[in-house]
Amino acid sequence: MRFVETLKNIWTIEELRKRLLVTLGLVLVYRLGCYVVLPGISPAAIDALANFTNKSGLMQLLDMFSGGAFSQASIFALGIMPYITASIVIQLCGMILPSFQKMQREGESGRQKLNQYTRYLTVLILCLQAPAYLINLQVQVNSASNGTAPMVFGFWTVLYLTIILAAGAMFIMWLGERITDRGKGNGISFIILVGIIARLPGALFFEFTSRLPGSTGSQGGLVMFLVEIVLLFAVTVGAVLLVQGTRKVPVQYAKRIVGNRQYGGARNYIPLKVNAAGVMPIIFAQAIMFIPITVAGFRGGNSGFMAAFGDINSFWYNVVFFILIVAFTYFYTAITVRPKDIAENMKANNGFIPGVKPGKATIEYLDTIMSRITLPGSLFLGIVAILPAFARWFGISQNFAQFFGGTSLLIMVGVVLDTLMQIESHLMMHHYDGLMKEGKIKGRTTGQAY
10 MRFVETLKNI
20 WTIEELRKRL
30 LVTLGLVLVY
40 RLGCYVVLPG
50 ISPAAIDALA
60 NFTNKSGLMQ
70 LLDMFSGGAF
80 SQASIFALGI
90 MPYITASIVI
100 QLCGMILPSF
110 QKMQREGESG
120 RQKLNQYTRY
130 LTVLILCLQA
140 PAYLINLQVQ
150 VNSASNGTAP
160 MVFGFWTVLY
170 LTIILAAGAM
180 FIMWLGERIT
190 DRGKGNGISF
200 IILVGIIARL
210 PGALFFEFTS
220 RLPGSTGSQG
230 GLVMFLVEIV
240 LLFAVTVGAV
250 LLVQGTRKVP
260 VQYAKRIVGN
270 RQYGGARNYI
280 PLKVNAAGVM
290 PIIFAQAIMF
300 IPITVAGFRG
310 GNSGFMAAFG
320 DINSFWYNVV
330 FFILIVAFTY
340 FYTAITVRPK
350 DIAENMKANN
360 GFIPGVKPGK
370 ATIEYLDTIM
380 SRITLPGSLF
390 LGIVAILPAF
400 ARWFGISQNF
410 AQFFGGTSLL
420 IMVGVVLDTL
430 MQIESHLMMH
440 HYDGLMKEGK
450 IKGRTTGQAY
């Protein structure tokens, strides 16, 4: 009843209601566009592409993030991933190049410049990915037809289809920005979330029917299906704990008397996240692991090294994948969380950690804490990333196994929690209880308090 009352409160607030309706409307436009097929593509071509996608772990990942548009040869086939790739490149440039670091410190004007550079780089990536997608489509159709009904894309066909695919991807990016401005939540992340969740009902139904008695390859029956649901719930709870986990470092601010007023004297804390790197280590590790998969695809991957690293469910693939995630977690955390900057900000605001001297001692103290909490965070992140492979080893279908961990699960958990937090903040402003029983999402932090 409390949850129903909260939903009524959400509908009562006019601004919040409009934002949610705008979000749902734009998401509906995105989902409809995922089923608009490229001009000139026959149903046989779509079937050939879908069969190839189901057989390739790499293609399944791309299809998941595009909400199924990749395997449907849709105008949204390239999805939002080119924009994500461009954003990562610009972010890395901001860590390395002084000119980009300067723009990051310029506030809103610098952010607009970086966003513009991200859009330009996205167009460049699309101009490379779209022809590659069309060539792959042509190869799969010709392979499925055995030469009886060949598909040949001429130069002008590739050109106008590339323009359509690029326009579709840029339109998705525009939808994401509109959701951020006029809707609720981060638009780009929300579109990725919708694309991932869109495949969940089909994967769940396929897993259920495959467990029914009499079905081909049925093992364990409905009892095994219930066990899978319980395990999925447990993994989701673990991912929530990983996303929300923080180590609160107490900070005391010295009192200052200016005129007749007293400033400072408050006691606060710095929330150091257990997983400060988010899903970036998994994305970086996947980018590297895609290289042997691609090479194995060209060479056949029949034996040896290519056979081991061409299969995302193989033992050695997941061992190397796990090690890379742990390494990238330390690397990305060291770049994004800088104890020296935190210590300088505290000093500038007359803050100090009780029992620790300001300056070098504070930097070493914060660095020690980050090293200690990053180790379990990186190990847990690596385990979550390779859980889909364990699910496959226990007989769970490939489509359903992808929801047991990896980037998809962490994105879903992170985006849902972030959206709930924004809705809850809106309710609190109007003196309503939040979505949770206690009125707040415990452990959720919006930033560092220094």
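Going by this note's numbering, the residue at position 251 of the sequence shown is 260; the numbering climbs one at a time, nothing skipped.
For glycine and all other residues, C-beta sits at the position ideal for the given N, C-alpha and C.
The structure displayed is predicted, hence computed values, not measured ones.
By the beta-carbon neighbour count (other beta carbons within 10 angstroms, threshold 16), R401 is buried. Apart from sequence neighbours up to five positions away, the residues of its chain that approach L123 with a beta-carbon distance below 8 Å are I99, G103, F109, M112, Q113, ordered along the chain. The alpha-carbon separation between K366 and Y374 amounts to approximately 10 Å. By a beta-carbon distance limit of 8 Å, R187 contacts G196. Their separation comes to about 7 Å. Separation of the CB atoms of V422 and V232 is rounded to 27 Å, and the pair is thereby denied contact status at 8 Å. For K282, the uninterrupted beta strand (DSSP E) segment begins and ends at 276–282.
Following the DSSP letters along the chain, one finds V232 inside the alpha helix (DSSP H) bounded by residues 230–253. Take S406, set aside five residues on each side of it, and the residues of its chain with a beta-carbon closer than 8 Å to its own are A212, F215, E216, S219, in chain order.
If you draw a straight line from the Cα of L281 to the Cα of V346, it is about 9 Å long.
Just so you know, the alpha carbons of R256 and N284 end up roughly 10 Å apart.
Given a length threshold of 4 residues, each whole run of the alpha helix (DSSP H) inside the stretch 139–197 is given here in chain order: 164–191. Annotated three-state conformation of S83 is strand, per DSSP. The bridge partners DSSP lists for P259 are Y278. Using a C-beta cut-off of 8 Å, the stretch 17–30 makes no contact with the stretch 114–121, since fewer than three inter-stretch Cβ pairs fall below that distance. Partner residues in the beta bridge of F361, as assigned by DSSP, are Q261. In the three-state scheme derived from DSSP, where H, G and I count as helix and E and B as strand, V203 is classed as helix.
A distance below 7 Å separates the beta carbons of S80 and A59. In terms of Cβ geometry, L143 and F164 do not form a close pair [threshold 7 Å]. Between the alpha carbons of A263 and M355 lies a distance of about 11 Å.
Around L135, the same chain offers P91, A175, A178 as residues with beta carbons nearer than 6 Å, after the five sequence neighbours per side are excluded. Under the three-state reduction of DSSP, V46 is assigned to strand.
Bounds of the alpha helix (DSSP H) holding K369 are 369–402. Non-local C-beta neighbours of S387 in its own chain, meaning closer than 6 Å and more than five positions away in sequence, comprise V335, T338, ordered along the chain. Residues Q81, S83 of the same chain have their beta carbon placed closer than 7 Å to that of Y44, with the five preceding and five following residues left out of the count.
Pairing G415 with T245, the inter-Cα distance amounts to about 11 Å. A distance below 7 Å separates the beta carbons of P363 and Q261.
Counting the other CB atoms within 10 Å of its CB gives D72 a total of 16 or more, which places it among the buried residues. Excluding its 5 nearest sequence neighbours in each direction, I200 has C-beta neighbours in its own chain below 7 Å: Y39, I89, I181, L184, G185, listed in chain order. Across the structure, Q138 and Y326 are spaced so that their CA atoms are roughly 25 Å apart. Between G204 and S75 the beta-carbon gap is near 6 Å, inside 8 Å, which marks them as a contact. Within its own chain, the residues whose Cβ lies closer than 7 Å to the Cβ of F330, once the five positions on either side in sequence are excluded, are A294, M298, A394, I395, listed in chain order. DSSP, read as helix, strand or coil, puts S118 in helix.
Nearest Cα to P397 within the set P222, L241, V424, L30: L241. S417 sits buried, since 16 or more C-beta atoms from the chains shown fall within 10 Å of its C-beta. Residue environment for V288: buried (at least 16 other C-beta atoms within 10 angstroms of its C-beta).
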